[in-house]
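*Asks:* For the sequence shown, the residue numbers in the working numbering are 78 to 144. Every residue gets a Cβ at the ideal spot worked out from N, C-alpha and C, and that includes glycine. Provided herewith is a single structure, encoded as structure tokens, for subsequent inquiry.
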Amino acid sequence: MPGRIDFLGYDRLTGVHIRLASGDFTLLYGHLSQVFVMPGDSVNSCTPLGITGYAKCINMYSILITT
């Protein structure tokens, strides 16, 4: 899905995470141990975004948010 990285950050619920904005949708990728993109980067479906990290119950997940 082509889009743009609009946020990179950390919180206690999602750990290190990024948000990818694409059209009417925003995707959140959480629990990353390494991130290969920065806010403002344009990405497509072949762009590596990061490497999964560790959480007690979830390693990595994505959440689709409609805007």
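Can you look up LEU105 in the DSSP assignment and give me helix, strand or coil?
*Replies:* As a first step, residue 105 is located in the sequence shown; it is residue number 28 there, counting from the start. Residue state, collapsed to three classes: strand.
*Asks:* Find out if the Cβ-Cβ distance for the pair GLY117, LEU97 is shorter than 7 Å.
*Replies:* Residue numbering aside, residue 117 sits at position 40 when the sequence shown is read from its first letter. Residue numbering aside, residue 97 sits at position 20 when the sequence shown is read from its first letter. No, the Cβ-Cβ distance between GLY117 and LEU97 is not below 7 Å.
*Asks:* Flag this pair as yes or no: are the beta carbons of GLN111 and ILE95 separated by less than 7 Å?
*Replies:* Translated into positions along the sequence shown, residue 111 becomes position 34. Translated into positions along the sequence shown, residue 95 becomes position 18. Going by C-beta atoms, GLN111 is not nearer than 7 Å to ILE95.
*Asks:* Compare the C-alpha of ILE92 against each of ASN121, LEU105, CYS123, ASP83 and name the closest.
*Replies:* By 1-based counting over the sequence shown, the position of residue 92 is 15. According to the sequence as given, residue 92 is Gly; it is not Ile. Looking at the Cα atoms, LEU105 is the closest of the given residues.
*Asks:* Helix, strand or coil for ASP49? Go by DSSP, reduced to three states.
*Replies:* Nothing about residue 49 can be read from this structure; the chain reaches only from 78 to 144.
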